[in-house]
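Numbering (the working numbering), first residue to last: 2 to 221.
Note that the Cβ used here is the ideal one computed from N, Cα and C, for glycine as well.
Just so we're clear, the structure is a prediction, and the values are computed from it rather than from any experiment.
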Ligand code: DX5
Ligand code: ZN
């Protein structure tokens with residue numbers, strides 16, 4: 002049985018309060034932090050980069066039990082592996098669509114001390130991970146087109162989640178985009194166990210309640 006992890010996406014933070022908002026989400030039960038890096042090329046938006054991630058890692062060091070999950074929405078992900086390894090993030094998730102050589106990239110990420118995730122855009126079929134599932138720690142099934150927070154969840158991605166879950170029973174399967182109290186049932190039922198939520202967590206009045214509920218639905 003895979004474990005539930007809730008990963009607040011910091012894209013939905015008030016960036017003037019980033020550190021305290023991340024600490025608050027952690028104190029409300031989030032054991033992952035989802036860090037969306039966008040380069041304005043792979044996706045039509047620019048978000049945050051290394052100085053921000055470094056500051057957060059300084060504030061919340063590795064031994065505090067917050068898993069830094071970097072979602073790299075960038076062209077040429079190979080270029081950024083060393084830097085993120087030096088910052089000591091926990092995981093580097095690259096987009097399948099952004100690399101010509103996923104096997105070499107997976108190897109490079111591991112050599113730099115990080116876990117590996119592979120992300121699939123909505124139009125990328127689940128079968129592309131048939132030969133990668135055994136080599137990575139997580140598959141991320143995007144449930145929106147990457148690039149922006151606050152979009153609507155795409156339920157039509159759930160067969161992809163189910164396909165991957167059925168094939169790789171102990172793998173972390175993450176969903177990202179439009180997750181919240183209204184959409185968690187579909188995702189949990191399909192087999193997702195790592196739930197990214199930006200607006201649903203950071204805009205909530207009672208974050209603990211939202212995080213507890215998301216976790217509970219995965220564990221049901
Ligand atoms: C979108 C990002 C998501 C986004 C999720 O490209 O990958 O992580 O911040 O935001 P919500 O939960 O608001 O859809
Ligand atoms: Zn993301």
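If we count Cβ pairs, one from each stretch, closer than 8 Å, do we get three or more for the stretch 186–198 versus the stretch 79–86?
Contact between the stretch 186–198 and the stretch 79–86 is absent, with fewer than three C-beta pairs closer than 8 Å.
Bridge-paired residues (DSSP) for residue 33:
Counted from its first residue, the chain shown places residue 33 at position 32. According to DSSP, residue 33 shares a beta bridge with 68.
Which runs of the beta strand (DSSP E), 3 residues or longer, sit entirely within the stretch 117–149?
Listed in chain order, the complete beta strand (DSSP E) runs (minimum 3 residues) inside the stretch 117–149 are 139–143.
With a CB to CB cut of under 6 Å and the five nearest residues on each side skipped, what residues in its chain are close to residue 51?
The residue given as residue 51 occupies position 50 in the chain shown. Excluding residues within five positions, the ones whose Cβ falls inside 6 Å are 84.
Below 8 Å, how does it come out for the stretch 171–186 and the stretch 126–143: are there three or more Cβ pairs, yes or no?
They touch, by the three-pair rule.
Check: residue 12 C-beta below 7 Å from any heavy atom of ligand 1:
Position 11 of the chain shown, counted from the first residue, corresponds to residue 12. Relative to ligand 1, the beta carbon of residue 12 is positioned inside 7 Å of a heavy atom.
Could you tell me whether the Cβ of residue 57 comes closer than 8 Å to any Cβ of chain D?
Here chain D cannot be found, since the structure has a single protein chain.
Best match in 119, 199 and 53 for proximity to residue 103 [C-alpha to C-alpha]
For this step, residue 103 is matched to residue 102 along the chain shown. That would be 119, whose Cα lies nearest to the Cα of residue 103.
In whole angstroms, what is the alpha-carbon distance linking residue 203 and residue 181?
Numbered from 1 along the chain shown, position 202 holds the residue referred to as residue 203. Numbered from 1 along the chain shown, position 180 holds the residue referred to as residue 181. A straight line joining the alpha-carbon of residue 203 with that of residue 181 spans about 11 Å.
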